[in-house]
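Chains as they are written, first to last, in the working numbering: chain S, 1 to 130; chain X, 131 to 260; chain Z, 261 to 390; chain W, 391 to 520; chain V, 521 to 650; chain P, 651 to 780.
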């Protein structure tokens, strides 16, 4: 398998999750770490997300849970709440995943996760997305 | 709703996840914090796990992901890998959830999560569980 | 014990800590997770904070310490610095608790905790609170 | 103030918290980082713990809370549960502090904190300490 | 050794890392915790940073790595990216250190570290620093 | 570039850091997640560690710092203390890196890091390594 197959597969997987994400990552990193943009596309999306054995919706549930629990990556959490909704999770499911984290990472983590979800839902309402 | 309804509902939900867990929690806490055993049954299991809106399998995926990412609760991670398998996740799905965490919490977190999974799978092989 | 006893006890305890907090929690969650607002009032405040065996001031010292050390819940830290002062801690005691965290969670955690305290003290000066 | 005043003050403060701790720290670090043993005595104990403005019991409550919440320093948590008891906290107060952490850092953190407390209480029972 | 020797040594070391840092720390803490400003200068800079056995550039690499991985101290991370550049690291080396953290603490930690670096590089471009 | 070039490069880089590590990773994961063993070799070692722009010694200093600060990956910390020594760090430098973490992640993190270092140094003494 050639390396550009990983990149293409990652690019397409990323597009499934968020239509603009590929371009955004490349733009935000082009002046400082262009290779890292390539890694982001190749490894997380080309290698890991593209694996069989777990559907994309379950992967996004796992990620929203983990980022809510860790509580130190607000921007990536919002990205993956969008992503989860884009691949078929309902808003209700997202809220349940985040509430579940109150048990495992504490109420502040869950409250901050719910704030992130509220912002994402507002952004989607404003642009007419479900 | 009476408080003992929350307890009963929690007890039954916990039994779905792990047959012996209720007794184990009560026994391990009876000398030091018996009220806390009651809270564990009432709030996480009676209130949160029992909510509609997200299936039990997805809840367990969220928890395995979060505990792998946090990396500081080995015993609870093993408990919920068992739980995830008991409510219908496959071993393959567990492994995928944990591998996904390499992207969000680093390779050491994923490697330690895979070690926990390996121990759980061995325990289940030894007692003839899938 | 009925469930609404837990809610009432939690509501009253929360009022002791911060006069407006109950309403604020309900308002901020009403569109996204109204049940979670109820849980916040019932479990942390109705069950845990209301327990005998540890005075409210010591509970708030414990919380300010933990949130300073975790370093990922700025808004909740500010809430509990207000809360600690409302239930009888002095500003000096708050500062000592936060400085103590330099030893256990590092100087950045303590410096960020002191920034939060500085903001809280300013808010209280501006509204004439001690 | 001379530097050895900080050391002496720290040594005495440490002795108040745990009679053998000073020797243990020096012994465990003597082959690898003897200066670090000196720092431990001078800065945390000579500078911070010895400050007026917060009683020793409240400092230990803050530390037990923080170490329970962080969940990655089991040996230091046990040391400070001993310390808290040595400076006047009751076992009941320790249990309450740790249970309070379920709200702020999740149930696994509190359960692991209670396990640590249980070990400490057992050690003290075995050696006839309260 | 007198205590003011530690302070002076710390002050000079801090000046090597960032010309204005000493004044800034004193100013930001003077109303709330002036002793803590003194501790910051004495212990981290007077005691630890001033030790032989590891060059200043390697110390700053270690700190940028740790703060990127922890992900909860954005302002201190930016300070130490400046510091690392001031004591001889190249921008390229900083970027490599942060990218390396994707492996140990996850991609979000590395992406947030790169954002911090981008802001620092921009600030230095604007003020004509390398 | 073909994918097996990444694997070969990673394998060789890993051998520089630890002679047996490649085999150990493959063996420990072969029953549970053989693809993950391949990813470990390809991405961290084939892509990231193999980049120019930062020498291997500085990479290992960054990793020892980060794992000490995070405090939840004891086995990986020991692996990278060995690795740092294998690529040219002195024991003294390792000790300095870990002590530096007391400032950024607290004294317990540094003390636990020093314990890990002590075990590693003992293992190397026993097998005649520097």
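Positions of the beta carbon are idealized from the N, C-alpha and C atoms, including for glycine.
Just so we're clear, the structure is a prediction, and the values are computed from it rather than from any experiment.
Note down the Cα distance separating residue 151(X) from residue 145(X), rounded to an integer number of angstroms. What you label residue 151(X) is simply residue 21 of the second chain in a count that begins at 1. What you label residue 145(X) is simply residue 15 of the second chain in a count that begins at 1. Cα to Cα, residue 151(X) sits roughly 7 Å from residue 145(X).
Would you call the stretch 367-374 of chain Z and the stretch 553-563 of chain V in contact, with 3 or more CB pairs under 8 Å? Taking 8 Å as the limit for Cβ pairs, the verdict is that the stretch 553-563 of chain V does touch the stretch 367-374 of chain Z.
Pull up the distance between the alpha-carbon of residue 330(Z) and that of residue 456(W), whole angstroms please. In the third chain, the residue the question calls residue 330(Z) occupies position 70. In the fourth chain, the residue the question calls residue 456(W) occupies position 66. Just so you know, the alpha carbons of residue 330(Z) and residue 456(W) end up roughly 8 Å apart.
Are the stretch 77-85 of chain S and the stretch 55-65 of chain S in contact at 8 Å, needing three or more beta carbon pairs? Taking a cut-off of 8 Å on C-beta distances, the stretch 77-85 of chain S touches the stretch 55-65 of chain S, as three or more cross pairs fall below it.
Just the Cα atoms here: how many angstroms apart are residue 481(W) and residue 435(W)? Taking the first residue of the fourth chain as 1, we reach residue 481(W) at position 91. Taking the first residue of the fourth chain as 1, we reach residue 435(W) at position 45. Answer to the nearest angstrom: the Cα atoms are 23 Å apart.
7 Å is my cut-off, CB to CB: does residue 367(Z) come that close to chain S? As a working mapping, residue 367(Z) is identified with position 107 in the third chain. No, residue 367(Z) does not count as interfacial toward chain S.
Contact residues within the stretch 423-450 of chain W, judged by C-beta distance below 7 Å to chain V: 429, 433, 437
Neighbour-count burial assignment, residue 578(V), 16 or more Cβ in a 10 Å radius: On the fifth chain, residue 578(V) is found 58 positions in, with the first residue counted as 1. Buried, by the Cβ-count rule.
Let's test the definition: count the other Cβ atoms within 10 Å of the Cβ of residue 13(S) and tell me whether it reaches 16, buried, or not, exposed. Translated into the one-based positions of the first chain, residue 13(S) becomes position 13. Burial call: buried.
Considering residue 157(X), what are the terminal residues of the alpha helix (DSSP H) in which it resides? Numbered from its first residue, the second chain carries residue 157(X) at position 27. Looking at the DSSP string, the run of the alpha helix (DSSP H) that includes residue 157(X) is 151-159.
Measuring CA to CA, which of 80(S), 54(S), 26(S), 48(S) is closest to residue 223(X)? The sequence position of residue 223(X) within the second chain is 93, counting from 1. Of the candidates 80(S), 54(S), 26(S), 48(S), the one whose C-alpha sits nearest the C-alpha of residue 223(X) is 54(S).
Can you name the start and end residues of the alpha helix (DSSP H) that residue 516(W) belongs to? By 1-based counting over the fourth chain, the position of residue 516(W) is 126. That run of the alpha helix (DSSP H) goes 497-516.
By the three-class DSSP mapping on this structure, what secondary structure does residue 343(Z) have? Numbered from its first residue, the third chain carries residue 343(Z) at position 83. Residue 343(Z) falls in the helix class under three-state DSSP.
Return helix, strand or coil for residue 181(X), following the three-state DSSP convention. Position 51 of the second chain, counting from 1, holds the residue named residue 181(X). Correct three-state label for residue 181(X): coil.
Grouping DSSP H, G and I as helix and E and B as strand, with all else coil, what is residue 610(V)? Translated into positions along the fifth chain, residue 610(V) becomes position 90. In this structure, residue 610(V) counts as coil in the three-state DSSP scheme.
Start-to-end residues for the alpha helix (DSSP H) that takes in residue 190(X): Along the second chain, one-based indexing puts residue 190(X) at 60. Here the alpha helix (DSSP H) through residue 190(X) covers 186-200.
Taking 7 Å as the limit between beta carbons, can you name the residues of its chain near residue 769(P), skipping five residues before and five after? Translated into positions along the sixth chain, residue 769(P) becomes position 119. Hits under 7 Å: 728.
Rounded separation between residue 225(X) and residue 679(P) - CA only: On the second chain, position 95 is the one that residue 225(X) refers to. On the sixth chain, position 29 is the one that residue 679(P) refers to. Distance between the alpha carbons of residue 225(X) and residue 679(P) is about 11 Å.
Exposure label - residue 320(Z); buried when at least 16 CB within 10 Å: Sequence index remark: in the third chain, residue 320(Z) carries index 60 (1-based). Counting Cβ neighbours within 10 Å, residue 320(Z) comes out buried, since at least 16 surround it.
If residue 623(V) sits next to residue 698(P), beta carbons under 8 Å apart, how far is it from one beta carbon to the other, in whole angstroms? For the purposes of this step, residue 623(V) is taken as residue 103 along the fifth chain, with counting starting at 1. For the purposes of this step, residue 698(P) is taken as residue 48 along the sixth chain, with counting starting at 1. The Cβ separation is near 6 Å, so the contact holds.
Cβ separation of residue 335(Z) and residue 269(Z), assumed to be a contact under 8 Å, to the nearest whole Å: The count along the third chain starts at 1 and reaches residue 335(Z) at position 75. The count along the third chain starts at 1 and reaches residue 269(Z) at position 9. Under the criterion of beta carbons closer than 8 Å, residue 335(Z) and residue 269(Z) do not qualify as touching, at roughly 25 Å.
Cβ neighbours of residue 723(P) in the same chain (closer than 6 Å, five flanking residues each side left out): Along the sixth chain, read from residue 1 onward, the residue named residue 723(P) stands at position 73. Cβ within range, chain order: 717.
At the level of alpha carbons, what is the spacing between residue 635(V) and residue 129(S)? Translated into the one-based positions of the fifth chain, residue 635(V) becomes position 115. Translated into the one-based positions of the first chain, residue 129(S) becomes position 129. Roughly 29 Å separates the two Cα atoms.
Taking beta-carbon pairs under 7 Å, can you tell me which members of the stretch 65-81 of chain S lie near chain X? 65, 66, 67, 69, 70
So, with DSSP's three-state summary, where would you put residue 205(X)? By 1-based counting over the second chain, the position of residue 205(X) is 75. Three-state result, residue 205(X): helix.
Going by other Cβ atoms of all chains shown within 10 Å of its Cβ, with 16 needed for buried, is residue 236(X) buried or exposed? Counting from 1 along the second chain, the entry for residue 236(X) is found at position 106. Buried is the call here.
Rounded C-alpha distance that separates residue 511(W) from residue 153(X): Along the fourth chain, one-based indexing puts residue 511(W) at 121. Along the second chain, one-based indexing puts residue 153(X) at 23. When rounded, the distance between both Cα atoms is 22 Å.
May I ask which residues mark the beginning and end of the alpha helix (DSSP H) holding residue 297(Z)? Taking the first residue of the third chain as 1, we reach residue 297(Z) at position 37. Residues 294-300.
Taking any Cβ of chain W, which residues in the stretch 92-104 of chain S have a Cβ under 7 Å from it, in chain order? For the stretch 92-104 of chain S, which is checked against every Cβ of chain W, the residues closer than 7 Å are 103, 104.
Does the separation of the CB atoms of residue 531(V) and residue 561(V) fall below 7 Å? To locate residue 531(V), count along the fifth chain from 1; it is residue 11. To locate residue 561(V), count along the fifth chain from 1; it is residue 41. Yes, these two residues count as a Cβ contact at 7 Å.
Coil, strand or helix - residue 13(S) by DSSP: Within the first chain, numbered from 1, the residue matching residue 13(S) stands at position 13. DSSP places residue 13(S) in helix when its eight states are reduced to three.
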